[in-house]
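What follows is one structure encoded as structure tokens, with my remarks underneath.
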Amino acid sequence: MGAAVTNEDAFILALGALRWIVADGPRCDRLFGVTGLTPDSLRSGAGEPAVLAALLAFLEAHEPDLIACAEAMNVAPEELVRAHALLEAM
């Protein structure tokens, strides 16, 4: 996506991160335990900036996951960090 992350990019990146997180059962369980989200709240809030920001904050809190997710999405980890900041500001 490049260095500049737009609001639309932030949503796209966060949704890609969501897909990456939920593809792994133990990681998804950790997401629920750490964030307090539930499967229902995640489904209903998947388009909400606050929920998407929480997903990216979850990744930032565990750098190996942040890096692995970024690699899987073929983006720089910094793009996920910038997306998190944009979503938190919305």
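The numbering of the sequence shown is full-length UniProt numbering, which starts it at 1 and goes up by one. For each residue, glycine too, the CB sits at the ideal point set by N, CA and C.
Asked: For residue 23, count neighbouring Cβ atoms within 10 angstroms of its own Cβ and tell me buried if that reaches 16, exposed if not.; Found: exposed
Asked: Taking only three categories from DSSP, how would you classify residue 73?; Found: helix
Asked: Under the three-state reduction of DSSP, which class applies to residue 5: helix, strand or coil?; Found: coil
Asked: Helix, strand or coil for residue 52, going by three-state DSSP, please let me know.; Found: helix
Asked: What are the boundary residues of the alpha helix (DSSP H) that residue 29 is part of?; Found: 25-35
Asked: Can you check whether the C-beta of residue 73 is within less than 8 Å of a C-beta belonging to chain C?; Found: Among the chains of the structure shown, chain C does not appear; only one protein chain is present.
Asked: Where does residue 46 sit, in a helix, a strand or coil, going by DSSP?; Found: coil
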